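Chemist:
Protein chains: 2
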Amino acid sequence: MSTEQKQKFAAYIASQGLKATRQRELILEAFLAQAEHPSTEELYLGLRKEHPGIGYATVHRTLKLLAECGIATVRNFGDGAQRFEACAGEHHDHLVCTGCGLIIEFENLQIEKLQEQVAKSHDFTVQDHRLELYGLCSNCRKGE
Amino acid sequence: MSTEQKQKFAAYIASQGLKATRQRELILEAFLAQAEHPSTEELYLGLRKEHPGIGYATVHRTLKLLAECGIATVRNFGDGAQRFEACAGEHHDHLVCTGCGLIIEFENLQIEKLQEQVAKSHDFTVQDHRLELYGLCSNCRKGE
DNA sequence: TCCGAGATTGAAAACCGTTTTCATTTATAA
DNA sequence: TTATAAATGAAAACGGTTTTCAATCTCGGA
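Chains as they are written, first to last, in the working numbering: chain A, 1 to 144; chain B, 1001 to 1144.
1) Between the C-alpha atoms of Glu85(A) and Val96(A), what's the straight-line distance to the nearest angstrom?
2) Which residue's Cα is closest to the Cα of Glu42(A): Leu63(A), Arg130(A) and Lys142(A)?
3) Please confirm whether Asp1123(B) and Tyr134(A) have their CB atoms less than 9 angstroms apart.
4) I'd like to know if the region 96-114 of chain A and the region 1109-1123 of chain B are in contact, where contact means that at least 3 CB-CB pairs between them fall below 8 angstroms.
5) Going by beta carbon distance, what residues of the same chain come within less than 8 angstroms of Cys1087(B), once the five residues before and after it are set aside?
6) Does the Cβ-Cβ distance between Arg1130(B) and Arg1075(B) come in under 9 angstroms?
7) Report the start-end ranges of each alpha helix (DSSP H) in the region 5-49 of chain A that is 4 residues or longer and not cut off at the edges.
8) Please tell me whether Glu1132(B) has its Cβ less than 9 angstroms away from any Cβ of chain A.
9) Between which two residues does the beta strand (DSSP E) harbouring Ala1072(B) extend?
10) Assess, as a yes-or-no matter, whether the region 1004-1014 of chain B is touched by the region 1038-1057 of chain B under the definition of 3 or more beta carbon pairs within less than 8 angstroms.
11) I'd like to know if Leu1063(B) contacts chain A, where contact means its C-beta is closer than 9 angstroms to some C-beta of that chain.
12) Are the beta-carbon atoms of Ile1103(B) and Phe1077(B) separated by less than 9 angstroms?
13) Pull up the distance between the alpha-carbon of Leu28(A) and that of Glu1068(B), whole angstroms please.
14) Give a yes or no on whether the minimum CB-CB distance between Leu18(A) and chain B is below 9 angstroms.
15) Residues of the region 114-132 of chain A in Cβ contact with chain B at a cutoff of 7 angstroms, in chain order, please.
16) Please identify, using Cβ separations under 8 angstroms, the residues of the region 1038-1052 of chain B that lie next to chain A, in order along the chain.
17) Is it buried or exposed for Leu1033(B), if we count other Cβ within 10 angstroms and need 16 for buried?
18) Return yes when the Cβ of Leu1018(B) is within less than 9 angstroms of the Cβ of Leu1065(B), no when it is not.
19) Going by C-alpha distance, which of Asp1093(B), Arg1024(B) and Ala1020(B) is nearest Ala1057(B)?
20) Pull the bridge partners of Val1126(B) from the DSSP assignment, please.
21) Residues of chain A with CB closer than 7 angstroms to the CB of Leu1095(B), please, in chain order.
22) Span of the beta strand (DSSP E) holding Glu85(A)?
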């Protein structure tokens, strides 16, 4: 669980000549505790309740650090804000409801394989990918 | 070719009670002439050369109109700016080279079908999707 | 343990792309 | 042609991100 991520972060901090601070620890913990895809602001507001002193800039800087060291990835679901997501071991993609904003994660190995084939046919080496399906969940479909 | 798109735009304009203006025509033409995925700013700067009077806001507003009526789609490749792309009849996805920025379009019906299946299994109705593969093209792979 | 170089912090300002405002101009229907 | 309502361009506002800067903190070395 999170112990592993904390070690990873600590290792990255050390390897880059950075410093371990209370804020960074707090932010990492809050980030890992959150099952969502928080934006900087959401995480900042959450942290603020317990730790009023913490600054928005520090939260954002730390989230970028997490992205650099592979603990988080940056997502953009078109709402104008970057969202940060914990990197699970497995890659996964997203179903996004355009009605209520619900985000469902999924993974599909067949799709991944086809992606590799496509890349190969264009002589590309894939480093990463992003797949999002936008639509309506069953609830929103009823409502409209 | 573009005549079709112009008619589509004209029809949309009429259906919404909007007005056909010289600027809108110019912007549509410039957009269609461009084979790239321009941002508002890029298109604006291009247009400015021939038509110095034109305003940034008008370009952006018109691009949004084009997106509304299905002539353009909004893309976000992570560089912080919205990019607009002409909708070909067929949907297609992108291979993006993280080395040189090269963007290659592709389409793959098998992937599309699998996407539909995934959505159905979560009781979603897909309206749109976005698939991007990030990696290195053959040139950049050699260089590094 | 204490010190000092250098990294980090928080607040505020700067930044940058997007969106809105508003007075003026323009397209369209009567 | 005229009235009405939409569109335009310039500038300001906006919102999220990034930078600045003085004060604070970390951590290795004395």
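By construction, the Cβ of each residue, glycine as well, lies at the ideal position given by its N, Cα and C atoms.
All values reported here derive from a predicted model rather than from experimental measurement.
Modeler: Result, derived from the coordinates:
1) Residue 85(A) sits at position 85 when you count from the first residue of the first sequence. Residue 96(A) sits at position 96 when you count from the first residue of the first sequence. Those two C-alpha atoms are separated by around 14 angstroms.
2) Stepping through the first sequence from its first residue, residue 42(A) is reached at position 42. Selected option, being the one with the closest Cα: Leu63(A).
3) Reading the second sequence from its first residue, position 123 is the one you call residue 1123(B). Reading the first sequence from its first residue, position 134 is the one you call residue 134(A). No.
4) Using a Cβ-Cβ distance cut-off of 8 angstroms, the region 96-114 of chain A and the region 1109-1123 of chain B are in contact, since at least three pairs of beta carbons, one from each stretch, lie closer than that value.
5) Mapped onto the second sequence, residue 1087(B) falls at position 87. If the five residues before and after Cys1087(B) are omitted, its C-beta is found closer than 8 angstroms to the C-beta atoms of Gly1070, Ile1071, Ala1072 and Thr1073, all from its own chain and listed in chain order.
6) Residue 1130(B) sits at position 130 when you count from the first residue of the second sequence. Residue 1075(B) sits at position 75 when you count from the first residue of the second sequence. Result yes, Cβ atoms of Arg1130(B) and Arg1075(B) sit closer than 9 angstroms.
7) The region 5-49 of chain A contains these whole alpha helix (DSSP H) runs: 22-33.
8) The residue labelled residue 1132(B) in the question sits at position 132 within the second sequence. By this cut-off, Glu1132(B) is an interface position.
9) Taking the second sequence and counting its residues from 1, the one referred to as residue 1072(B) is at position 72. Looking at the DSSP string, the run of the beta strand (DSSP E) that includes Ala1072(B) is Ala1072 to Arg1075.
10) As far as the Cβ criterion goes, the region 1038-1057 of chain B does not touch the region 1004-1014 of chain B, which means the pair count is below three.
11) Here residue 1063(B) refers to the residue found at position 63 when the second sequence is read from its first residue. At least 9 angstroms separates the CB of Leu1063(B) from every CB of chain A.
12) Here residue 1103(B) corresponds to residue number 103 of the second sequence, with the count starting at 1. Here residue 1077(B) corresponds to residue number 77 of the second sequence, with the count starting at 1. In contact: Ile1103(B) and Phe1077(B) (Cβ atoms closer than 9 angstroms).
13) One-based indexing of the first sequence puts residue 28(A) at position 28. One-based indexing of the second sequence puts residue 1068(B) at position 68. CA-to-CA, the gap between Leu28(A) and Glu1068(B) works out to about 40 angstroms.
14) Residue numbering aside, residue 18(A) sits at position 18 when the first sequence is read from its first letter. Under the Cβ distance rule, Leu18(A) does not count among the residues neighbouring chain B, no pair being separated by less than 9 angstroms.
15) Listed by position, the residues of the region 114-132 of chain A near chain B (Cβ gap below 7 angstroms) are Leu114, Gln115, Val118, Ala119, His122, Asp123, Phe124, Thr125, Val126, Gln127, Asp128, His129, Arg130, Leu131 and Glu132.
16) Residues: none.
17) For the purposes of this step, residue 1033(B) is taken as residue 33 along the second sequence, with counting starting at 1. Looking at the sequence provided, one finds Ala at residue 1033(B) rather than Leu. It counts as exposed.
18) Along the second sequence, one-based indexing puts residue 1065(B) at 65. Along the second sequence, one-based indexing puts residue 1018(B) at 18. Yes, they are a contact pair.
19) For the purposes of this step, residue 1057(B) is taken as residue 57 along the second sequence, with counting starting at 1. If we check each option's Cα against that of Ala1057(B), Arg1024(B) comes out closest.
20) One-based indexing of the second sequence puts residue 1126(B) at position 126. DSSP output for Val1126(B) lists Gly135(A) as bridge partner(s).
21) Your numbering for residue 1095(B) matches position 95 in the second sequence. Within chain A, the residues Ala119, His122 and Phe124 have their CB atoms less than 7 angstroms from the CB of Leu1095(B), given in chain order.
22) Here residue 85(A) refers to the residue found at position 85 of the first sequence. Counting along the chain, the beta strand (DSSP E) containing Glu85(A) begins and ends at Gln82 to Ala86.
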